[in-house]
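Take the sequence shown: its position 108, counting from 1, is numbered 108 in full-length UniProt numbering, and each next residue is one higher.
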Amino acid sequence: MNPSTARAASKLNLIRLLASHPEGLGLEEIQSVTGHKSIAALKKDLGELYMIEMYPYSPTDAVDLDFDGEKVKIRLPIAVDSALPLSPKEWSLLRSLLVTQKTKEDSKLNDSILNKIDSVIPSGDWSPYQKSKDTIVKAIDEKKTLTIVYWKRDTKEKETRTLAPWLLWEENDSYLLAYDLTKKGFRSFRLDYILEITITDTKYTNLPDTAGEFLEGFKQLFGADSENKDVAKVWITDSASYHLGMKLNLKSTGVQKQIGDSLYREFQAPIRDKNWFIQTILGYGTSVLVSEPKELKDSIQFHLQSIAPSKPNLHTQS
Numbered sequence: 001m002n003p004s005t006a007r008a009a010s011k012l013n014l015i016r017l018l019a020s021h022p023e024g025l026g027l028e029e030i031q032s033v034t035g036h037k038s039i040a041a042l043k044k045d046l047g048e049l050y051m052i053e054m055y056p057y058s059p060t061d062a063v064d065l066d067f068d069g070e071k072v073k074i075r076l077p078i079a080v081d082s083a084l085p086l087s088p089k090e091w092s093l094l095r096s097l098l099v100t101q102k103t104k105e106d107s108k109l110n111d112s113i114l115n116k117i118d119s120v121i122p123s124g125d126w127s128p129y130q131k132s133k134d135t136i137v138k139a140i141d142e143k144k145t146l147t148i149v150y151w152k153r154d155t156k157e158k159e160t161r162t163l164a165p166w167l168l169w170e171e172n173d174s175y176l177l178a179y180d181l182t183k184k185g186f187r188s189f190r191l192d193y194i195l196e197i198t199i200t201d202t203k204y205t206n207l208p209d210t211a212g213e214f215l216e217g218f219k220q221l222f223g224a225d226s227e228n229k230d231v232a233k234v235w236i237t238d239s240a241s242y243h244l245g246m247k248l249n250l251k252s253t254g255v256q257k258q259i260g261d262s263l264y265r266e267f268q269a270p271i272r273d274k275n276w277f278i279q280t281i282l283g284y285g286t287s288v289l290v291s292e293p294k295e296l297k298d299s300i301q302f303h304l305q306s307i308a309p310s311k312p313n314l315h316t317q318s
């Protein structure tokens, strides 16, 4: 068994042991079962339970530990020994894929799977953020302003905006392009960051003449055919690269190296939006390490120090 597999197996055994004792276990009791050489080594493994890679679910979806000074207890919102559950969005995407790729050869298997999906979620046409899209289209048609509650990518704060909607952009990610009536300027808003959206009774007239200029700048950053001059070099574990590849356009350099107990592969990724890129990278813990550019490494290091100044930086790689 290679070191990475052994470490993962050790942590999974810890989860199973604690899950079978909901009343909690003392550190010495756990050590007597697991065979850890010291309490310090056991504490380290307990502290690293959140690092077990279970994408696309966040660590808080899987493991929650409590230690009152005497006993360690665990709560498992999902069953570790069972398959990861699909969200309604994932079920719907799977259903759409089966419908579009249905053939005569596998029709019986498809029908069986579709029936299973229909028993889990209501069937029918589905599109991500469809309610928000319908609201935006209606507001544009009626030339009415929108009030949205938006989750800011850089500060993770909620804020309310009043907008004159202009375009619904769906060539790459889905965006609302609108004129911010408070900040007096055009802005873009990712639909998956819009928490609430409401049409008001207030109508707006013509938008400023700077709309075309804003659209050209937006296309350069987020357009499907845009060229990204800023490129990051990152080292990623195999499991993380699969899921991160769904968010970033990763290109393998063919280089790999062992870092600690894990094997990392080098990739290049375009940086379309620096703040979004950083927040995405941070969500993968030490499974993704940034090596270039230096400015990005410095930004990540500053971000980590502002959260926990006493902890070493593990997200950058020299």
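Every residue, glycine too, gets a C-beta built ideally from N, C-alpha and C. Just so you know, these numbers come straight off a predicted model, no measurement behind them.
Exercise. In whole angstroms, what separates the C-alpha of Gly69 from that of Gln31?
Worked result: Your numbering for residue 69 matches position 69 in the sequence shown. Your numbering for residue 31 matches position 31 in the sequence shown. C-alpha separation (whole angstroms): 15 Å.
Exercise. Taking Cβ positions, are Ile300 and Ile278 nearer each other than 8 Å?
Worked result: For the purposes of this step, residue 300 is taken as residue 300 along the sequence shown, with counting starting at 1. For the purposes of this step, residue 278 is taken as residue 278 along the sequence shown, with counting starting at 1. Contact: yes.
For this session: Using alpha carbons as the reference points, say which of Thr160, Glu196, Trp151, Lys138 lies closest to Leu168.
Result: Numbered from 1 along the sequence shown, position 168 holds the residue referred to as residue 168. Closest option to Leu168, Cα to Cα, is Lys138.
For this session: Please list, in chain order, all residues of the same chain as Leu244 whose beta carbon is under 7 Å from its beta carbon, the five residues on each side excluded.
Result: Sequence index remark: in the sequence shown, residue 244 carries index 244 (1-based). Around Leu244: Ile236, Leu250, Tyr284, Val288.
For this session: To the nearest angstrom, report how far apart Val255 and Thr286 are at their CA atoms.
Result: Locating residue 255 in the sequence shown gives position 255, where the first residue counts as 1. Locating residue 286 in the sequence shown gives position 286, where the first residue counts as 1. When rounded, the distance between both Cα atoms is 18 Å.
Exercise. Roughly how many whole angstroms lie between the Cα atoms of Val80 and Arg190?
Worked result: Here residue 80 is taken as the residue at index 80 of the sequence shown, counted from 1. Here residue 190 is taken as the residue at index 190 of the sequence shown, counted from 1. With a pLDDT of 47 at Val80, under the threshold of 50, the predicted position of this residue should be treated as unreliable, and no value is reported.
Exercise. On the three-state DSSP scale, how would you describe Ser287?
Worked result: One-based indexing of the sequence shown puts residue 287 at position 287. Here Ser287 sits in helix by DSSP.
Exercise. Beta carbon of Leu168: closer than 7 Å to some heavy atom of the ligand MN?
Worked result: Ligands are entirely absent from the displayed structure, and the ligand MN is therefore not among its contents.
Problem set entry | Contact set for Glu196: own chain, Cβ-Cβ below 7 Å, skip 5 residues either direction | Here residue 196 corresponds to residue number 196 of the sequence shown, with the count starting at 1. So the list reads Ile148, Val149, once near-sequence residues are dropped.
Problem set entry | Simplified DSSP assignment, three categories, for Leu163 | Stepping through the sequence shown from its first residue, residue 163 is reached at position 163. The answer is strand: DSSP assigns Leu163 an E or B state.
For this session: Use the C-beta contact count for residue 339: other C-beta atoms within 10 angstroms, 16 or more gives buried, fewer gives exposed.
Result: The requested residue 339 does not occur in the structure, where the chain is confined to residues 1 to 318.
For this session: Would you kindly work out how many angstroms separate the C-alpha atoms of Phe267 and Lys233, rounded to a whole number?
Result: Counting from one through the sequence shown, the residue named residue 267 turns up at place 267. Counting from one through the sequence shown, the residue named residue 233 turns up at place 233. Rounded to the nearest angstrom, the two C-alpha atoms are 6 Å apart.
Problem set entry | Residue burial classification, Ala41 (beta-carbon count within 10 angstroms, cutoff 16) | Locating residue 41 in the sequence shown gives position 41, counting from the first residue. Per the 10 Å Cβ criterion, exposed.
Exercise. To which residues of the same chain is Arg95 closer than 6 Å at the C-beta, ignoring the five residues directly before and after it?
Worked result: Here residue 95 refers to the residue found at position 95 of the sequence shown. For Arg95, where only same-chain residues beyond five positions count, the Cβ hits under 6 Å are Ile117.
Problem set entry | CB of Asp45 within 8 Å of CB of Lys11, strictly | Here the question's residue 45 lines up with position 45 in the sequence shown. Here the question's residue 11 lines up with position 11 in the sequence shown. Yes. Within cutoff.
Problem set entry | Pair within 8 Å by beta-carbon distance, Leu18 and Leu25 | Position 18 of the sequence shown holds residue 18. Position 25 of the sequence shown holds residue 25. Result yes, Cβ atoms of Leu18 and Leu25 sit closer than 8 Å.
Exercise. Which of helix, strand or coil does DSSP assign to Leu282?
Worked result: Position 282 of the sequence shown, counted from the first residue, corresponds to residue 282. It is helical.
For this session: Within the same chain, show all residues whose beta-carbon is closer than 6 Å to that of Ile140, passing over the 5 residues directly before and after it, in chain order.
Result: As a working mapping, residue 140 is identified with position 140 in the sequence shown. Same-chain partners within the cutoff: Pro165.
Problem set entry | Expected contact under 8 Å - CB spacing of Phe186 and Thr160 to nearest Å | By one-based count along the sequence shown, residue 186 stands at place 186. By one-based count along the sequence shown, residue 160 stands at place 160. About 18 Å; that fails the 8 Å criterion.
Exercise. Thinking C-beta only, is Thr162 closer than 8 Å to Thr135?
Worked result: Along the sequence shown, one-based indexing puts residue 135 at 135. Along the sequence shown, one-based indexing puts residue 162 at 162. Cβ atoms of Thr135 and Thr162: not closer than 8 Å.
For this session: Go ahead and pull the three-state DSSP assignment for Lys158.
Result: Within the sequence shown, residue 158 is the residue found at index 158, counting from 1. Three-state result, Lys158: strand.
Exercise. Does the separation of the CB atoms of Lys247 and Thr280 fall below 8 Å?
Worked result: One-based indexing of the sequence shown puts residue 247 at position 247. One-based indexing of the sequence shown puts residue 280 at position 280. Taking 8 Å as the Cβ cut-off, Lys247 and Thr280 qualify as a contacting pair.
For this session: Would you please state the rounded distance, in angstroms, between the beta carbons of Asn110 and Leu97? I believe it to be under 8 Å.
Result: Sequence index remark: in the sequence shown, residue 110 carries index 110 (1-based). Sequence index remark: in the sequence shown, residue 97 carries index 97 (1-based). 10 Å between Cβ atoms; not a contact.
Problem set entry | Environment of Ile74 [buried if 16+ CB atoms lie within 10 Å] | The residue labelled residue 74 in the question sits at position 74 within the sequence shown. It counts as buried.
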